[in-house]
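Remarks on the structure that follows.
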Amino acid sequence: MIQNNLNKDLERKIDLYLNGRLSEEEIDALWIELIQDGYYLDYMKSVANLKAIIEEKRESKTPGIAIQLRKYASYVTAAAVVIFVGVLGVMNYSTENSSPKSPIPEIGLDIVRSDVGVSSSITNEVIKKAIQLAADGSTQEAKELLSNELTNEEDPNLIAEFSITLGSIQYNLGEYSDAASNFKTATEQSGISESTLEKAYWLLANSYFQLDQLEEAKIAFQNTYDLDRDYSRIAKSYINALNAMDK
Numbered sequence: 008m009i010q011n012n013l014n015k016d017l018e019r020k021i022d023l024y025l026n027g028r029l030s031e032e033e034i035d036a037l038w039i040e041l042i043q044d045g046y047y048l049d050y051m052k053s054v055a056n057l058k059a060i061i062e063e064k065r066e067s068k069t070p071g072i073a074i075q076l077r078k079y080a081s082y083v084t085a086a087a088v089v090i091f092v093g094v095l096g097v098m099n100y101s102t103e104n105s106s107p108k109s110p111i112p113e114i115g116l117d118i119v120r121s122d123v124g125v126s127s128s129i130t131n132e133v134i135k136k137a138i139q140l141a142a143d144g145s146t147q148e149a150k151e152l153l154s155n156e157l158t159n160e161e162d163p164n165l166i167a168e169f170s171i172t173l174g175s176i177q178y179n180l181g182e183y184s185d186a187a188s189n190f191k192t193a194t195e196q197s198g199i200s201e202s203t204l205e206k207a208y209w210l211l212a213n214s215y216f217q218l219d220q221l222e223e224a225k226i227a228f229q230n231t232y233d234l235d236r237d238y239s240r241i242a243k244s245y246i247n248a249l250n251a252m253d254k
């Protein structure tokens, strides 16, 4: 996802589709475009989920909204690692079942389903090993490896990357409190890149959302939005949805 991917015409088509105003041929053409554009595929998933969340909120004022939303995602299989190429935060979406299921149910780690193994975008050997361990099902060993590295590491950039990787594995295991703690650690590191900081805030926000700590989630989403980078547009949608829940 990058800011250069902005496409007003495609956004308009997505809006028309979600409001039931496209023909079958137009829908088919739209999906062909979306399959080739990861940014707008994620964008549509987010908007679709948020529309469902707002509608659900309007129908019910019951507390524990994040917990309530997760009941609708029971068909999502719990997994420690989600196999995606080049995507860190992804929402599961189905054209046959568009029930609300935010926050993001899982975090994709940079694994490719081939002989290559860990994505070439990952250069740190410790992170490579941890991701591969998690992909092979050895999640406890992966967590211990990263925890041990964090104990002795002093470089803020590596602390942030180790914390994000560890938090992502914990998140996918349903250990949201531990995940939030590690994502928060990443946000507290000085001198790290804005892209790393944004990623940490985005994942921290989703962890708080999973824990039903909606005010904290809103703050973290706002921090994500303020950085005005890859997740800014989606973060704004979450902020609007959370604000709508308060009405």
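Read in order, the letters of the sequence shown correspond to residues 8 to 254 in this note's numbering. Here a beta-carbon is modelled for each residue, glycine too, at the ideal position from N, C-alpha and C.
Around the beta-carbon of G27, fewer than 16 other beta-carbon atoms lie within 10 Å, marking it exposed. A check of alpha carbon separations from I199 across N164, T231, L153 identifies N164 as the nearest. Relative to the Cα of S197, the nearest Cα in the group E168, P112, T172, D185 belongs to E168. E161 carries a coil assignment under DSSP once its states are collapsed to helix, strand and coil. By the neighbour-count definition (other C-beta atoms within 10 Å, threshold 16), T158 is an exposed residue. Between the C-alpha atoms of K136 and N14 there is a straight-line separation of about 38 Å.
Straight-line measurement puts the Cα of W209 at about 17 Å from the Cα of N250. In the structure shown, E113 adopts extended strand secondary structure according to DSSP, grouped into three states. The three-state secondary structure of Y238, taken from DSSP, is coil. Remark: C-beta atoms of A207 and I241 do not approach each other more closely than 7 Å. Taken through DSSP and simplified to helix, strand or coil, R19 comes out as helix. C-alpha of I21 to C-alpha of S145: approximately 40 Å in a straight line.
For N213, the uninterrupted alpha helix (DSSP H) segment begins and ends at 201-217. A212 and A227 do touch by the CB rule: their CB atoms are close to 3 Å apart, below 8 Å. If you draw a 10 Å sphere on the C-beta of E113, you find 16 or more other C-beta atoms in it, and that means buried. The Cβ atoms of Q217 and P110 lie closer than 7 Å to each other. Between F190 and the set S175, N179, L180, the nearest pair of CA atoms involves S175. Across the structure, E32 and L23 are spaced so that their CA atoms are roughly 13 Å apart. Only residues of its own chain outside the window of five on either side were considered, and among them T231, L234, R236, D237, Y238 have a CB closer than 7 Å to the CB of E205, listed in chain order.
Residues A137 of the same chain have their beta carbon placed closer than 6 Å to that of L152, with the five preceding and five following residues left out of the count.
Spanning the alpha carbons of L37 and E148 requires a straight line of approximately 43 Å. Here N179 is buried. Its C-beta has 16 or more other C-beta atoms within 10 Å.
Counting of Cβ neighbours within 10 angstroms places E156 among the buried residues, the total reaching 16 or more.
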